[in-house]
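*Asks:* Once you've had a glance at the structure underneath, I'll fire off some questions.
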Amino acid sequence: MQNSPLHKAIFAITLSSLMSTTALTTTPATSGSAPTTTVSTTSGSAPTTTVSTTSGSAPTTAVSTTSGSAPTTAVSTTSGSAPTTAVSTTSGSAPTTTVSTTSGSAPTTAVSTTSGSAPTTTVSTTSGSAPTTTGGSASTEIGDVKAKDYGNRVSLTAPQIIALDTLINRMQGWTDESLPGAGEDNTPAERIIPWISGHYGASIQGKTSSNPGYKVNFSGFSVGSDFIVNDEVKLGLSYSNITSKLRVKGNKNTDGTKSHTVSIYGQYNFTKDIFTQSAIAYTVGSSKNRPNNLNSYKVSSNGIGGFATLNKEFLLDSDISVTPRIGLRYIQSKEKDVNLGGGNKVKGAKNHYLTGIFGTTLSTKTELTDGTLLRPMLYAGLEKNFITKSNAPIARIEEAGRPFEHQNTTKPQKTSYILGTGLSAKRNNLILSVSYQSSIAKKYISHHGILKLGLAF
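Letter 430 of the sequence shown, counting from 1, is numbered 436 in the numbering used here, and no numbers are missing.
Here it is in structure tokens:
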């Protein structure tokens, strides 16, 4: 019965069925190369395969499935090179791969799928340096900021204008100063009038599309002497020392400029009521730039300037006069280049301005009982820039091996409006005057006050 054909057939069918369910081939490694394990299945749940090694090269594991749930593969190593894991699936859920290492190089994981959800890969390490990423945007931002801070600074132009305006203001009082005081002989005489004046003022520029905005405070003094030669000719010589401090918006530090100006000025009377006034000045200066969180540096500069006006006095009555004037003012300044070291440098600015001057002065004279002569005055006018060639400083620096360059695109104001007032007093040979002038332009205003003391001989 046991060897009947029926028993043999059942035994053969059962054995064949068991053998076709799973096929496993393993080649163990004893040392050296990593073991290789292959698992294949065509149906059912996903196989789970674990390979462990403590020595040698990284193990290699390949898992393939065409149906069913996603395979799970875990590879662990404690020594040697980084493990390499490859998982491929063409159907079903996304494979999940976990690679863990406690020593050695960083693991390398490759996951490929053509169907199903996106694969999820987790890599964990407890040893080795943290990854370092260097972004180009960070160094670019730092380089741009440094170049901008090095390039923003105060210029010599403002002190030049202040010195020239002082002379214009000074010569406005010549008419009365040349007149004889109470009890004096009416015959004109040659006079020498040494004088001294103090200055204080401020300029504020609001932020515009071409200007970051700034505030300038300035102070200083001027000394000089007038020489009234005769009724037609008056001459003068002066020296001005102006200090200005500028703070650009966004910069916590203050830049400063010190300037020295020597001027020659004069007036010539064509007739009793038509006259011309002019001056020429030479200025030298130095400025100290203090960029944010950067080393400060000094810049030396020089420039020339001058003006010429034609004036006509109209008497409204014996004590009130209106004097319009028209003229031109020219200012030129040049800065030296600065080498900051380390491949960094700042190319100096060059400025040329030709400005039209248009204005009118209204004045009156009053003589007090003690012989003091008072002269209050009002002034209104405008200044129009005809030529503005302004090359701002160019800062060239290197940051993280890259060059950066910055040049301000600030555009000078085309038109500014001038308002002023003053009061002068003369008694015997003592002359005292105080004046105020304001310049107004787009998002810009400046204030300039002058106190003068003169002594006529």
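Note that CB positions come from ideal geometry on N, CA and C, so glycine has one too.
1) Here's the rule: buried if 16 or more other CB atoms are within 10 angstroms of the residue's CB, otherwise exposed. What is Arg408?
2) How about Arg331 and Gly365: are their beta carbons less than 8 Å apart?
3) For Gly460, which of helix, strand or coil comes out of DSSP?
4) DSSP puts Thr289 in a beta bridge; with which residues?
5) At which residues does the alpha helix (DSSP H) containing Asn175 begin and terminate?
6) If you drop the 5 nearest sequence neighbours on each side, which residues of the same chain put their C-beta closer than 6 Å to that of Asn223?
7) Look at the alpha carbon of Gly204 and the alpha carbon of Phe410, and state the distance between them as a whole number of angstroms.
8) Could you spell out the range, first to last residue, of the beta strand (DSSP E) harbouring Leu360?
9) So, using beta-carbon positions, are Thr378 and Ala431 closer together than 8 Å?
10) Hey, quick one: how far does the beta strand (DSSP E) through Glu341 stretch, first residue to last?
11) If contacts are defined as beta-carbon pairs under 8 Å, then Leu429 and Ile202 qualify, I think. What distance do you get, rounded to the angstrom?
12) With 16 as the cutoff for other CB atoms within 10 Å, does Lys258 come out buried or exposed?
13) Which of helix, strand or coil does DSSP assign to Asn247?
14) Quick check on Val235: does DSSP put it in helix, strand or coil?
15) Helix, strand or coil for Phe392? Go by DSSP, reduced to three states.
16) Thinking just about the alpha-carbon of each residue, which of Ser369, His358, Thr263, Pro165 is nearest to the one in Ile393?
17) To which residues of the same chain is Leu457 closer than 7 Å at the C-beta, ignoring the five residues directly before and after it?
18) What residue range does the beta strand (DSSP E) around Thr427 cover?
19) For Glu319, which of helix, strand or coil comes out of DSSP?
20) Compare the Cα-Cα distances from Val305 to each of Val344, Thr163, Ile280 and report the closest residue.
21) Can you look up Ile374 in the DSSP assignment and give me helix, strand or coil?
22) What are the residues that DSSP puts in a beta bridge with Pro6?
23) Over what stretch of residues does the beta strand (DSSP E) that includes Lys351 continue unbroken?
24) Can you find the residues in the same chain that come closer than 6 Å, C-beta to C-beta, to Ser46, ignoring five residues on each side of it along the sequence?
25) Between the alpha carbons of Gly189 and Phe281, how many angstroms are there, rounded?
26) To which residues of the same chain is Asn301 closer than 8 Å at the C-beta, ignoring the five residues directly before and after it?
27) When you compare each of Arg433, Ala398, Gly426 to Pro418 by their alpha carbons, which one comes out closest?
28) Assuming His454 contacts Ile168 (C-beta within less than 8 Å), just tell me the rounded distance between them.
29) Looking at the ligand FAD, does it come within less than 7 Å of Gly230, judged from the CB to the closest heavy atom?
30) Counting only the same chain and skipping the five closest in sequence on each side, list residues whose C-beta sits under 8 Å from that of Thr421.
31) Compare the beta carbon distance of Leu368 and Leu384 with 8 Å and say whether it is the shorter of the two.
32) List the whole-angstrom C-beta distance separating Ile400 from Lys353, where the pair is believed to meet the contact cut-off of C-beta under 8 Å.
*Replies:* Taking the coordinates as given:
1) exposed
2) yes
3) strand
4) Thr267, Gly309
5) 163-177
6) Ala208, Lys251
7) 43 Å
8) 356-370
9) yes
10) 326-341
11) So it is not a contact: roughly 18 Å between Cβ atoms.
12) exposed
13) strand
14) coil
15) strand
16) His358
17) Ser203, Gly204, Val440
18) 421-433
19) coil
20) Val344
21) The question names Ile, but residue 374 is Leu in the sequence shown. Here Leu374 sits in coil by DSSP.
22) Any question about residue 6 goes unanswered here, given that the chain covers just 7 to 463.
23) 350-353
24) The predicted position of Ser46 is uncertain, since its pLDDT is 46 and thus under 50; no value can be drawn from it.
25) Because the pLDDT at Gly189 is just 44, under 50, the model does not fix this residue reliably, and the value given afterwards should be weighed accordingly. One C-alpha to the other measures close to 28 Å.
26) Leu346
27) Ala398
28) 7 Å
29) Ligands are entirely absent from the displayed structure, and the ligand FAD is therefore not among its contents.
30) Leu388, Glu389, Lys390, Asn391, Ala447
31) yes
32) 4 Å
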